[in-house]
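S.K.: Structure in structure tokens, see below.
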Amino acid sequence: MKIADTIEALRAELSALRSSGKTVGLVPTMGALHDGHASLVRRSVEENGATVVSVFVNPTQFNDTTDLAKYPRTLEADCRLLEACGATLVFTPSVSEMYPEPDTRNFSFAPLDTVMEGAFRPGHFNGVCQIVSKLFDAVRPDRAYFGEKDFQQLAVVRAMTRQLDYPIEVIGCPIVREADGLAMSSRNTRLSASEREIALNISRTLFKSRNFAVSHTVGATLEMVRTAIADTPGLRLEYFQIVDGDTLQPIANWEDTSRAVGCVAVFCGDVRLIDNIKYSN
Ligand code: PAF
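Here the sequence shown stands for residues 4 to 284, where the numbers follow the working numbering.
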């Protein structure tokens, strides 16, 4: 496995790989890798001749400077995991490499990026689109892999890829959960043992709501989840929405969509966690 920390070095490695006829998969990450990331990397390794993994904590997508400062950085452990997964090349640029000058581009994919995370984290998806478009331009992958835990991010990246005509297949991969149900997230390492116990109520409530939804309306299901989370000491609900999986707009009735998804954002202590559940199969 090679490591490149400049775009020039990355391109030199990529042109060698391409001249030997290899297709390229890209897995963009912010590091602090876990089994969720590993599943994306393994899928890319299966489907492409070469897999590039970017590890870059992108400052432009953080609307909260404390969150940025506290974001875990574990490059050595990340490289060990990536090597074990069969990654070909790790791209670890500095901030000045990716942003030699401030990125003044504005992306808008309304209404996809104005609801939920877009409403609570102003500028977040603009920053995500800035960095993902730069990574797409630098790597020019055949395929790019994103986790469905960031369900809205996947929809926004798909819209950007379509609208900017990137010849890249964007592939969404299922959420990976801990054995007890907690959705894997780099932010989980910031939870204390007791907070982690409390955070389990998020996935438990989502799983419960899937059974509840079979015999209840959308409104009753919203109420059930919101109340369960709001009533759990130590959790602070930011939002829970049931939306159409393509448009991300709230639905009023189950019949309104064949792809209903419940998306939640919750603070556990000062750690913000997101999760989602599909109501239709
Ligand atoms: O999902 C993430 O970790 C980040 O938003 C991404 C896609 C790597 C862009 O910085």
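Quick reminder that beta carbons are idealized off the backbone N, C-alpha and C, glycines included.
Find out if the Cβ-Cβ distance for the pair residue 92, residue 5 is shorter than 7 Å.
M.R.: Yes; because the gap between Cβ atoms is below 7 Å, this pair is in contact.
S.K.: Pick from 63, 42, 274, 263: whose alpha carbon is nearest that of residue 213?
M.R.: Checked all of 63, 42, 274, 263; the closest Cα to residue 213 is 263.
S.K.: What whole-angstrom Cβ distance do residue 206 and residue 180 have, given they're in contact under 8 Å?
M.R.: Right, their Cβ atoms sit about 7 Å apart.
S.K.: So which of 210, 164, 257 has the shortest CA-CA distance to residue 186?
M.R.: Of the candidates 210, 164, 257, the one whose C-alpha sits nearest the C-alpha of residue 186 is 210.
S.K.: For the region 26-92, which segments carrying the beta strand (DSSP E) assignment without a break, of at least 3 residues, lie completely within its bounds, in sequence order?
M.R.: Taking only runs of at least 3 residues, the beta strand (DSSP E) segments lying wholly in the region 26-92 are 27-32, 53-58.
S.K.: Is it the case that the CB of residue 131 approaches a heavy atom of ligand 1 more closely than 6 Å?
M.R.: True, at least one ligand heavy atom lies under 6 Å from that Cβ.
S.K.: Verify whether the separation of the beta carbon atoms of residue 103 and residue 8 is less than 7 Å.
M.R.: Not closer than 7 Å, so no.
S.K.: Would a C-beta distance cut-off of 7 Å place residue 236 and residue 244 closer than the cut-off?
M.R.: No. Outside cutoff.
S.K.: Given this structure, state the Cα-to-Cα distance separating residue 196 from residue 20, to the nearest angstrom.
M.R.: Roughly 44 Å separates the two Cα atoms.
S.K.: Closer than 8 Å by C-beta to residue 123: which residues in its own chain qualify, once you throw out the five before and the five after it? Chain order, please.
M.R.: Correct list, in chain order: 241, 242, 268.
S.K.: Could you give the first and the last residue of the continuous alpha helix (DSSP H) run that contains residue 122?
M.R.: Looking at the DSSP string, the run of the alpha helix (DSSP H) that includes residue 122 is 120-123.
S.K.: What residue from 43, 83, 87 has the CA that sits closest to residue 148's CA?
M.R.: Closest option to residue 148, Cα to Cα, is 43.
S.K.: For residue 33, which residues in the same chain have their Cβ closer than 6 Å to its Cβ, ignoring the five residues on either side in sequence?
M.R.: So the qualifying residues of the chain are 60.
S.K.: Need the endpoints of the beta strand (DSSP E) that residue 166 sits in, please.
M.R.: Run containing residue 166: none in the beta strand (DSSP E); it sits in the alpha helix (DSSP H), 154-166.
S.K.: Could you say if the region 167-176 and the region 132-149 meet the contact criterion of at least three C-beta pairs nearer than 8 Å?
M.R.: Yes: the two stretches touch, three or more of their Cβ pairs being nearer than 8 Å.
S.K.: Using beta carbons (cut-off 7 Å, strictly below), is residue 75 in contact with chain B?
M.R.: The structure shown contains no chain B; it holds only a single protein chain.
S.K.: How is the beta strand (DSSP E) around residue 199 delimited, first residue to last?
M.R.: Taken as a continuous stretch (DSSP letters only), residue 199 belongs to no beta strand (DSSP E), being part of the alpha helix (DSSP H) at 196-217.
S.K.: Got a sec? Which residues, its chain only, sit under 7 Å from residue 183 by beta carbon, not counting five neighbours each side?
M.R.: 203.
S.K.: Compute every distance between the C-beta of residue 31 and the non-hydrogen atoms of ligand 1, then say whether any falls below 6 Å.
M.R.: Indeed, a heavy atom of ligand 1 lies less than 6 Å from the Cβ.
S.K.: Using three-state DSSP, classify residue 255 as helix, strand or coil.
M.R.: It is coil, neither helix nor strand.
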